[in-house]
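Residue numbers (my numbering): 66 to 1016.
In this text, a Cβ means the ideal position worked out from N, Cα and C, and glycines have one as well.
Bear in mind the structure is a predicted one, so any value in this text is a computation, not a measurement.
Presented below is the structure to which this report refers.
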Amino acid sequence: MESVSAEEFTVEAVERALQQLYYDPNMNQKNVAQKWLTQAQASPQAWHFCWALLLPDKVPEIQFFGASTLHVKISRYWSDLPAGHLDSLRSQLIAQVGQFASGPKLVLTRLCVALASLVLHILPETWPTAIPDLLCAFQTGEGVTEADGQTRCLALLEVLAVLPEELQTTRITASRRSQLRGALGGQWSLVCPLLQQLIQRVDAPGQVKERVLRCVSSWLTLDIALKDSEGLLQSCFTLLKESELFDTAVETIVSIISQPDCQRFADSLLKMVPQVLALQEQLKKAVQDGDMETSHGICRIAVALGETHCRTLLEQVDHWQCFQALVNMILSCTGIPGHYPVDETSSSLTLTFWYTLQDEITSLDSERQTLYMQIYRPVYFQLVDVLMQKACFPKDEDYVTWSADDKEQFRTYRVDISDTLMYVYELLGPELLRNLYDKLGALLTDTAHPSQWQDIEALLFGFQSIAETVDVNYSDVIPGLIGLIPLIRGNSIQLAETIMFTIGSLAEWLADHSVMLSSVLPVVLHALPNPDLSVSCVSALKRICRECRHDLHPHADDILTVSQAVLVKDIHKSPQCMWLMQGLGYLLSSLSSEEIPGKLLSLVTPHIQQLEKLASEPPSSTNKCPIVHILGLLSSLFSTFDLNQQNETLDVMRTSQIQPRDNPVVLVLQQTFPLIQIIVSKWLNEAEVVEAVCAVFEKSLKTLIHDFSPLVAQLCELIGQLFSANPQSSALDLTRQLVHTFVCEKDLFSPIIALLELITNITMSIFQLGSRDHPDVVESFMQLHTQVLRRKPDLYLTENLDINAVFYCGILSFKFPETPTLKATCSLFVKLVSHCEDIPAVRKVLEEDGKLLLQTLLEGVGGQSPRSLIEDFAEVLFSMSCNCPGVLSLWLREVLLPPGFPSSHLTVEHKEQFCQQILGEQVNKHQVKDIVKKFGLSSRGLQGTEYAADY
């Protein structure tokens, strides 16, 4: 079957290939058979052999291939249908549908899809009466002689159902699709009475009614007016009483209701509301019986109506009571008893409805908004009560039986509730917080009836949800809440966690009301040693240290003592330890200059001693993780230890208070530098350790800024050593930060320029050896030189730093497949080209090799690189157009001259138009981007396609 002539596409050959495809254990043979069968379907002979494959004596797999072949021929190869065969094809296809009406179902469906495709090809011009003819043929049996009445009915319904579905998936132009949608929709007046009749027949089998429901869903995608289907829709509602049809009826009703076009028929929608409200008794019974499938389906219907048509129903002001009843029904769905997702699965469906209703009410004119606010504010307060109930954890003995998946779904559900509460606050305002506070106070002070921890936790969760994103500074209940928090016994992990998260969410408020810190800070510090509260407690403490750092002086010793104890004992996981160190960085940097050195030394000494011990040991997988962990602790601490910010906040001039060498972080780094050098020398080839070392200096540098200067020379030497031994991107990123901060300072110029020269030479040698294994190094190298060009381009005026090397490295980088590397390379060339006038070396390399740059760029635009990068290439071309138009005009046409470059899709006219447009645009960058985009799409053969339209 490797190479088969057209004459060999016979029934026997097809059957042999199918046997091989289905039963040969060799995958290569299967692939050969699959390829050959695809060729067979494409051949003109397929119009003939497909019928033989459908004979009754063939096995279902062969019959299915015959039916599929018919569909392929009609949908893709219509043009090679032999002349005069249309009538025969039509009658044979209808007869075959009748032949297979009793099954196999897979073959029947495929034949129906083929018949649908045929109808769509010749409707309305050649076969304007397709629908009435099909109705007549299957109802009377004319041309469909093999099947009895019920079987023919099922086959007809299958044909009707797949017609609109085939229209959705067939590959045709938008105008043709619109024409066919109108032609089919115009036949609804014939199809609807048939479906209505079948669905109302008491003796109609469930299989028939189920297929009717599918037809209804399918046909109502054809923009059919809701008013033309009211009776049929009502009949669909009656099927909700039949348990075996319930799920299908729900799907059909929801698909009808969810058609946004229904909004044009407000009267029909108003008639639908009572039908939905009438389902409340069935819903109530389902809830009582624990029938989650039924309650879920009815909730879907109510939410679909309320959510899709909220605006339309609100605008019917004379019928406000009708819509209010629907809203109350949806509220009852939100409040379905039981815990999601174990006892019920419906309440989560309703949450987006409450967003929609709120948005629509607040967007109405003032008169109607006033009316509806009076009606629905109380409803939203009820909603809050319901959500607080739904957010409650189950009893402990029940919760322990939940699966991990159930617990995760419940967590996500609570996040959705939290988001809803946050949104509802915009409608209800501070009164919502007052409402929650009053309830919480009542629970905590009612000694006669001790409350469950779950109820307290839910109310705190509500507070936290709102305070997390809403400015609660002006709420008069927050002081009371702060006063209540110490009274709450966190006798469950969930409650204790929520207490922590609530305190954390109030950190900004506490910054303005520092007198209240003494009420809640002890609660946080008491919980800090508990590993079960790791995330919530450390997060709360970090936020307090960040927001309230200028008021924490009285509490600093307590915070440092407890924090150091949990850090030394390794109570928390590494990420939480990092958060804690960041919090301590905020705290320490807010203390007085006299206190800082001692407290900082006390904090870091145990960790540095541990690092010394680890550094003295031979490198192993056992001690790598703790080394990285301790270096991470130092990085995290130094990332927030910002005396510059403190002094700016206090408006203190740096001249007298802290001299650069007095910065305590610098002193710590200077003392630990020999230790870090030992670690680097032992772990040079371990990227994770090198990254951790670089992070210590990079984080420090970003916060210390110019105070870091005493360390620059040492650090440049260290970076040079580690990059020479094992080039890594983290070393380049650290160098880029040094360039950004210090390259313009004369005193520090020498070590930085020496480091840049070394790095450039080493990276050049990497390129010469083949740099494909180092895309991250290449990307960081591009970013480093882009930074140099931004901060101090005159470095390239010296002979020491070779711009030619950078240029050719950039050209080679364009061959990389990694998108970030290509973006960084484009950024480099944009900046480099912009200096062609003031840096002679740049001008020289562009004059000599501008053609190579252009060629490389156009290869990328033409298809060698992902489409997402076309705009980045356009930025480089725009930079050339603005800064060196002479070079661009000299090379552009010459580069594009070879036929087939950069793509065989491009004509001479395409290329000439592109040249004229690019050379004529030196002002509007967006215009250049559009020009290059169109050129790129044409190069890829995509211009004018739907794919391109989405771009």
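- Whole angstroms is fine: what's the gap from residue 176's alpha carbon to residue 288's? 26 Å
- Tell me whether residue 572 is buried or exposed, calling it buried when 16 or more other Cβ atoms sit within 10 Å of its Cβ. buried
- Coil, strand or helix - residue 325 by DSSP: helix
- Query: The alpha helix (DSSP H) with residue 775 in it runs from where to where?
  - Reply: First-last for residue 775: undefined, no H or E at that position.
- Query: Should the region 88-95 be called in touch with the region 108-117, which here means at least 3 C-beta pairs below 8 Å?
  - Reply: no
- Label residue 127 either buried or exposed according to how many other C-beta atoms from any shown protein chain fall within 10 Å of its C-beta, with 16 as the threshold for buried. buried
- Collapsed DSSP secondary structure at residue 827 in the structure displayed: helix
- Apart from the five residues on each side of it in sequence, which residues of its chain come closer than 8 Å, Cβ to Cβ, to residue 454? 400 and 523
- Taking DSSP as the reference, what is the three-state secondary structure of residue 113? helix
- Query: Within the chosen definition, does the region 472-485 reach the region 404-411 through at least 3 CB pairs nearer than 8 Å?
  - Reply: yes
- Flag this pair as yes or no: are the beta carbons of residue 729 and residue 662 separated by less than 8 Å? yes
- Mark residue 514 as exposed unless 16 or more other C-beta atoms lie within 10 angstroms of its C-beta, in which case mark it buried. exposed
- Among 275, 323 and 290, which has the Cα closest to the Cα of residue 300? 275
- Assuming residue 692 and residue 754 make a contact with CB atoms under 8 Å, what is their CB distance in whole Å? 6 Å
- Task: My understanding is that residue 363 touches residue 344, with C-beta atoms under 8 Å, so please give their C-beta distance in whole angstroms.
- Result: 5 Å
- Looking only at C-alpha atoms, which of 859, 846, 884 and 863 sits nearest to residue 872? 846
- Task: Please go through the same chain and pick out, in chain order, the residues whose beta-carbon is closer than 8 Å to the beta-carbon of residue 87, but skip the five residues on each side of it.
- Result: 126
- Item | Cα-Cα separation between residue 181 and residue 421, rounded to whole angstroms | 39 Å
- For residue 323, the nearest candidate out of 588, 374 and 462 (CA to CA): 374
- Quick one: give me the first and last residue of the alpha helix (DSSP H) that residue 57 is part of. A question about residue 57 goes unanswered here, because the residues of the chain that appear run from 66 up to 1016.
- Query: residue 490: buried (16+ other C-beta within 10 angstroms of its C-beta) or exposed?
  - Reply: buried
- Meets three-Cβ-pair contact criterion under 8 Å: the region 492-509 and the region 526-538: yes
- Task: Could you pull out every unbroken alpha helix (DSSP H) segment of at least 4 residues lying fully inside the region 393-460, listed in chain order?
- Result: 416-427 and 431-455
- Query: In whole angstroms, what is the alpha-carbon distance linking residue 951 and residue 798?
  - Reply: 35 Å
- Item | Of the residues 350, 554, 313 and 245, the one placed nearest residue 510, counting alpha carbons only | 554
- Kindly list the residues whose CB is nearer than 7 Å to the CB of residue 706, restricted to its own chain and excluding five residues on each side of it in sequence; keep chain order. 650, 653, 654, 730 and 768
- Proximal residues to residue 1001 (C-beta, below 6 Å), its chain only, five neighbours per side dropped: 926 and 935
- For residue 304, I'd like the list of residues in its chain whose CB is within less than 6 Å of its CB, leaving aside the five on either flank, ordered along the chain. 310 and 314
- Would the region 239-250 and the region 182-189 be scored as touching if the rule is three or more Cβ pairs under 8 Å? yes
- Message: Just to check my reading of the structure: residue 641 and residue 599 have Cβ atoms closer than 8 Å, yes? What is that Cβ distance to the nearest angstrom?
- Response: 5 Å
- Task: Look up residue 146 in the DSSP assignment and say whether it is helix, strand or coil.
- Result: coil
- Task: Evaluate residue 811 with the Cβ neighbour count: other Cβ atoms within 10 Å of its Cβ, from every protein chain shown; 16 or more gives buried, anything less gives exposed.
- Result: exposed
- residue 514 (DSSP reduced to helix, strand or coil): coil
- Query: What residue from 953, 928 and 468 has the CA that sits closest to residue 914's CA?
  - Reply: 953
- Residue from 347, 342, 377 and 319 whose Cα sits closest to the Cα of residue 332: 377
- Quick one: is residue 435 buried, meaning 16 or more other Cβ sit within 10 Å of its Cβ, or exposed? exposed
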